[in-house]
Amino acid sequence: MTEDRFYHALKVSEDLCFGCTHCMNVCPVEAIRIENGKATIRDNWCVDCGECMRVCPVNAIYVEQDDFNQIFRFKCRVALVPSVLIGQFPAEVTEAAIFSVMREMGFTHVFQTEHTAGYIIRSMIEASRDAEDKPVISSFCPAVVRLIQIKFPALLPQVIRIKPPIDTSAIYFRKRLENEGYHPGEIGIFYVTPCAAKIAAVKSPVGEDSSPLNGVINMDLIYNKIFRLIKNRTNRNSISPGEMLPLLSPRSIKYCLTGGEANAMEGRCLAIDGIHNVIEFLEKLENDEFTDLDFLELRACDQSCAGGVLVGGNRFLTTERLNKRAQRFHGVADIPGDVKAYSGFLSERISLGDIKPRSMLILDEDMGEALRKIQQVRHLMCYLPGIDCGACGAPRCQSLAEDIVREEARLTACVFIQRMMEKHQKLSGEHAIKIIEKIWGRKRLEKNCNKKGAENDSE
Amino acid sequence: MTFKFEIEGGNFSKAGNASSAVKKILKQINVPPAIIKRLVVALYEGEVNVVAHARKGWIKVVIEPEEIFVNIEDEGPGIPNIELAMQEGYSTASQKVREMGFGAGMGLPNMKKNADLLNITSQVGKGTNVEIIIFLNQSHK
Ligand SMILES: Nc1ncnc2c1ncn2[C@@H]1O[C@H](COP(=O)(O)OP(=O)(O)OP(=O)(O)O)[C@@H](O)[C@H]1O
Ligand code: SF4
Ligand SMILES: [Mg+2]
């Protein structure tokens, strides 16, 4: 995948979307506009955080997924599962039971993503000791890394160049399976993802030439399958959960929860979750408003991965359950013996490459031209009403003004400007309706009792 | 092009707003991230100094093809000995200011480190005037 084309897992269903603007208003990077009555997502701007999906009232925003049966293209079919999958099940359901039903689904091996977490922490501690620019920022959450690329490029040098567990574990398990005699082409590693951001990270990796994973399976799908299989089990002889069933340390189990990294790193470390909180903090960090910070764990979702858009369970319960599960594994080492044995191999592969800035704020590559455009935006803002009503199909008056100077919208999209133009006989009522229909779709202004909340709404 | 902002003395919760607004503009006009960072850090220190030490201030940012010029002017006590104030660790910050996490005496030195040119003039009892220049074409440095 090239640097200028980005894969996004978040898609808008043309059939379901009715252009309600909820997604447009919550998008933290203002990547959504309404066109022809449907939400459209700007590819280059979107960071795959999934906020739009959470607020959609009709489930029109969905996460595209690979066909489950693709796993059967491989002889050795590995599921790489993050601990939040397990955290969605009550304590009575053991890891062994979950992994054995996953083998019944067709996986030959089930491994845990956090298996290399202790090793990663150790590598991050070493890397941050040598870091010139503090605080260093974790590369764990792909939505945050993308956010920094597009909105805070000056902070990119602070992103720690150590691969997160998903990549490190995939590299590690692949090597182990090869050493067991599998041919590289026979091994298919599939990540069970809690979010859209991880899918995008696998399909268009940042800081790596290619992803060590073969595909991604959405966690909600797997969760439902596991749930059904476990419920229908009637003392039938189940298959074994498989060898290499790893015991994770309490720290590794909690790695993807808020504080998972910050509590293990050295010095003054902060854990910040929720993308709006992250943006607020990075804004200040860029001004150098904080001194003496060493490490930042930044996660796009509230409650970190327990709050991933594909995690069906309640995020607070998932967190609580994982904390409880972690207690049971008290005493397990952070770096398992088998990983230690591969530390030489991993140390040569754990570094992330260059992460390029791709600021989406730039109005023009040429500074003089960009300055002229800023002036034009400010001039337009003199006329726009500052109500941020969204009726133009852009989230705020300011975003409409910026779209206009980028030649992606027109001033007449604003309904208030239209009224003024009609008053001065510069726009016919007929024409105004046409403009509105172009943004909101044909017949949008006609009576329709089937819409959500209207007389015939069946919900 | 010229941009102007006002700073309210004593209001720490708003300190940084002008720096953030200038930062957004610099990002929009494609100034390299490393230069933005230096300018914003210098500007932020100046902004906080007005909030911490003066009553009221104004920021003027002039963007030209070759350089960015920042002027931070305030009404306040002024600085009696600028050379002393420029020294690392020198601070007259009040207890209240220190409680806010400021007053390490590192602001002006940090400003000097990040600006290509820095010029401070002050009249005791009247106010302080800080001028910062950052060259956009780094070969000028
Ligand atoms: N705008 C100003 N008006 C009056 N006095 C000032 C102003 N700016 C700086 N000073 C004086 O210079 C001293 C040093 O400023 P400097 O910014 O280096 O440190 P500080 O503001 O005290 O602490 P820090 O910036 O590290 O939080 C201040 O303590 C203050 O006495
Ligand atoms: S916090 Fe976790 S679940 Fe949420 S976007 Fe980041 S990596 Fe994905
Ligand atoms: Mg200061």
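Going line by line, the protein sequences match chains A and B.
Heads up: the first sequence runs through residues 1 to 459, numbered per UniProt numbering.
Heads up: the second sequence runs through residues 1 to 141, numbered per UniProt numbering.
Glycine included, every Cβ here is placed at the ideal spot set by N, Cα and C.
Close-in-space but distant-in-sequence residues of the same chain around residue i (CB under 6 Å, 5 per side omitted)
| i | result |
| --- | --- |
| A/Leu147 | Val47 |
| residue 144 of chain B | The first residue shown for chain B is 1 and the last is 141, placing residue 144 of chain B beyond what the model contains. |
| A/Ser211 | Val202, Pro205 |
| B/Ala42 | Met111, Asn114, Ala115, Ile132 |
| B/Val62 | Thr2, Phe69 |
| A/Ser123 | Ile162, Ile350 |
| A/Arg396 | Asp388 |
| A/Glu408 | none |
Buried or exposed by the 16-neighbour rule on C-beta atoms within 10 Å, applied to residue i
| i | result |
| --- | --- |
| A/Phe72 | exposed |
| A/Lys163 | buried |
| A/Phe107 | buried |
| A/Pro153 | buried |
| A/Pro184 | exposed |
| A/Gln327 | exposed |
| B/Lys27 | buried |
| A/Gly260 | buried |
| A/Arg77 | buried |
| A/Leu445 | exposed |
| A/Asp130 | exposed |
| A/Asn179 | exposed |
| A/Gly50 | buried |
| A/Ala454 | exposed |
| A/Leu363 | buried |
| A/Glu14 | exposed |
| A/Ser428 | exposed |
| B/Lys141 | Low per-residue confidence applies at B/Lys141: pLDDT is 47, beneath 50, and the placement is therefore not dependable, though the value from the model is reported in the following sentence. With fewer than 16 Cβ atoms within 10 Å of its Cβ, B/Lys141 is classed as exposed. |
| A/Lys324 | exposed |
Three-state secondary structure assigned by DSSP to residue i
| i | result |
| --- | --- |
| A/Arg77 | strand |
| A/Phe6 | coil |
| A/Tyr223 | helix |
| B/Ser122 | strand |
| A/Val332 | coil |
| A/Arg355 | Per the sequence shown, residue 355 of chain A should be read as Ile rather than Arg. A/Ile355: coil per DSSP, three-state reduction. |
| B/Tyr44 | helix |
| A/Cys269 | strand |
| B/Lys141 | Because B/Lys141 carries a pLDDT of 47, less than 50, the predicted location of this residue cannot be relied on, and the following value inherits that uncertainty. Looking at B/Lys141 - three-state DSSP - the assignment turns out to be coil, as it is neither helix nor strand. |
| A/Leu293 | coil |
| A/Leu257 | coil |
| A/Met1 | Reliability fails at A/Met1, whose pLDDT of 36 lies under 50, so the model's placement of it is uncertain and the value that follows must be treated cautiously. Note: A/Met1 maps to coil in three-state DSSP. |
| A/Phe89 | coil |
| residue 478 of chain A | Because chain A here runs from 1 to 459, residue 478 of chain A falls outside it and cannot be looked at. |
| A/Tyr191 | strand |
| B/Asn129 | strand |
| A/Gln376 | helix |
Own chain partners of residue i with C-beta closer than 7 Å, once the 5 adjacent residues on each side are dropped
| i | result |
| --- | --- |
| A/Gly307 | Cys301, Arg315 |
| A/Ile230 | Val93, Ala97, Val101 |
| B/Ala93 | Ala52, Phe102, Gly103 |
Own chain residues within Cβ distance below 8 Å of residue i, not counting five before or after
| i | result |
| --- | --- |
| B/Val124 | Pro77, Gly78, Ile79, Pro80 |
| A/Pro90 | Arg321 |
| A/Ala114 | For the record, residue 114 of chain A in the displayed sequence is Glu; it is not Ala. The residues are Pro82, Ser83, Pro165, Ser169, Leu248, Ser252, Ile253, Tyr255, Cys256. |
| A/His8 | Ile41, Asp43, Cys46, Asp48, Ala196, Ala200 |
| A/Asp354 | Gly207 |
Contact test: residue i Cβ vs ligand 4 heavy atom, cutoff 7 Å
| i | result |
| --- | --- |
| B/Ala54 | Questions concerning ligand 4 fall outside what the structure shown contains, since the ligands it does hold are ligand 1, ligand 2 and ligand 3. |
Worksheet item: Of all residues in the structure, which have a C-beta closer than 5 Å to any heavy atom of ligand 2, taken in chain order?
Response: A/Cys141, A/Ala143, A/Pro194, A/Cys195, A/Ala197, A/Arg299, A/Ala300, A/Cys301, A/Ser304, A/Cys305, A/Gly308
Worksheet item: According to a CB-to-CB cut-off of less than 8 Å, which residues of the segment 19-35 of chain B neighbour chain A?
Response: Ser19, Ser20, Lys23, Lys24, Ile25, Lys27, Gln28, Ile29, Asn30, Val31, Pro33, Ala34
Worksheet entry | Quiz: which residues have CB nearer than 5 Å to ligand 3 non-hydrogen atoms | B/Asn49, B/Gly107
Worksheet entry | Contacting positions in the segment 250-275 of chain A - beta carbon closer than 8 Å to chain B | none
Worksheet item: According to a CB-to-CB cut-off of less than 8 Å, which residues of the segment 51-68 of chain B neighbour chain A?
Response: Ile63, Pro65
Worksheet item: Mind listing which residues of the segment 77-100 of chain B have their C-beta closer than 8 Å to chain A's C-betas, in chain order?
Response: none
Worksheet item: Relative to chain B, which residues along the segment 345-368 of chain A have a C-beta separation below 8 Å, given in chain order?
Response: Pro357, Ser359, Leu361, Ile362, Leu363, Asp364, Glu365, Asp366, Met367, Gly368
Worksheet item: In chain order, what residues of the segment 283-299 of chain A put their CB closer than 7 Å to some CB of chain B?
Response: Glu283, Lys284, Glu286, Asn287, Asp288, Glu289
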